[in-house]
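Note sheet for the following structure.
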Amino acid sequence: MEVIICPDAEAVARTAADLFATYITRDTCTLGLATGSTPVATYKELIRRYEAGELSFKNHQAFLLDEYVGLDRDHEQSYYRTIRRELTSHIDIDDNRVHSPNGMSENPSEAGRAYDDAIKEAGGIDLQLLGIGTDGHIGFNEPGSSLVSRTRLKTLHPQTIKDNARFFGSPEDVPIHVLTQGLGTISEARHLLLLATGEGKAQAIADTVEGPVAAVCPASILQLHPHATVIVDEAAASKLKLARYYRYAYDNKPEWQQIQKA
Ligand code: F6R
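The opening position of the sequence shown corresponds to residue 707 in our numbering, with each subsequent residue numbered one higher.
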């Protein structure tokens with residue numbers, strides 16, 4: 707896994723957007739999108755580059771990582787609405803090609819299988835963006851998730867409900883269940899890009915990058931992926947034992963391997 711340590715959250719967003727641009731400038735690509743606070747600055751940077759005429763999304767499609775169970779797609783806090791608000795309504799992607807798990811399905815297991823099938827039919831995900839929970843979750847694969855799980859219903863950890871209450875007003879309003887891509891599903895994306903900013907994510911990042919691969923930290927599956935990039939700010943990197951080496955390796959990267967700057 708490659709770890710890129712940036713001075714601050716803005717630099718994380720710019721570096722992530724540079725990496726996104728290498729996919730978006732292809733004729734066609736399939737993006738995996740995350741919601742939550744972390745990717746918002748990256749999405750703003752992508753919108754800026756779209757408005758400047760540098761990027762077009764019109765031949766691309768996207769799949770979301772997860773969706774709340776019991777929230778209609780049009781609910782203000784559904785992840786479908788959230789991604790529209792934060793990104794997709796501001797760019798030229800075809801809205802019919804922005805997919806999310808069906809959180810309103812009466813048969814969540816079936817909805818999970820259908821979602822995995824849709825990803826497969828689309829040819830798989832080229833670049834999957836990930837945020838990380840303070841407990842090490844990716845998507846909503848909470849600690850204890852099977853490392854080979856598929857898209858399915860999960861119960862949110864009380865800590866995640868607490869963390870997400872800021873979007874809903876109170877913890878009681880946060881749905882307890884979600885449909886989330888499984889760790890096995892996420893691992894099938896050809897390139898994983900994990901972003902984290904702020905001190906609150908420092909322990910989760912240390913466990914992900916330098917801890918054992920274990921269900922107690924679901925994001926640690928990135929260690930098993932052939933192409934994973936972790937972009938963090940100084941605060942989120944503050945508990946990494948090998949931070950100096952990651953910086954050295956990044957600074958000395960062969961030119962052909964460098965993220966093409968937009
Ligand atoms: C959201 C998602 C979650 C978030 C994680 C971090 O689609 O899958 O895993 O990425 O909870 O959220 P923020 O970025 O709000 O700290």
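Yeah, the Cβ is synthetic: ideal placement off N, Cα and C, and Gly gets one too.
Nothing here was measured: the structure is a model prediction, and the numbers come from that model.
Check this for me: beta carbons of residue i and residue j, under 8 Å apart or not?
i	j	result
G845	T903	no
I937	L901	yes
D772	P814	no
D798	R787	no
G842	A925	yes
Y729	D801	no
G809	G742	no
Q929	V919	yes
A941	E905	yes
I789	A943	no
R755	A722	no
Y774	P877	no
I911	K959	no
L819	Q767	Strictly speaking, residue 819 in this sequence is Arg, with Leu absent from that position. No, they are not a contact pair.
V915	M707	yes
G738	A895	yes
A824	H805	yes
F874	Q783	yes
So residue i and residue j are supposed to be a Cβ contact under 8 Å. How far apart are they, rounded?
i	j	result
L835	P932	No, L835 and P932 are not in contact; Cβ-Cβ is about 17 Å, not under 8 Å.
G829	T736	6 Å
L862	E848	7 Å
F726	L752	6 Å
L898	S855	Not really, about 16 Å apart at Cβ, beyond 8 Å.
V718	Y952	Contact flag wrong, Cβ pair sits at about 14 Å.
A747	A715	6 Å
L793	Y749	4 Å
T840	D869	6 Å
D822	T891	6 Å
DSSP beta-bridge partners for residue i?
i	result
H931	Answer is none; H931 lacks a bridge partner.
E708	T935
L901	I937
A920	C923
*Give, in chain order, every unbroken run of the alpha helix (DSSP H) that is at least 4 residues long and sits entirely within the region 729-810.*
746-757 and 785-792
*Residue ranges of each alpha helix (DSSP H) within the region 814-859, 4 or longer*: 814-827
*Where in the region 862-899 do unbroken runs of the alpha helix (DSSP H), each at least 4 residues long, occur, reported from the N-terminal end onward?*
864-874 and 889-893
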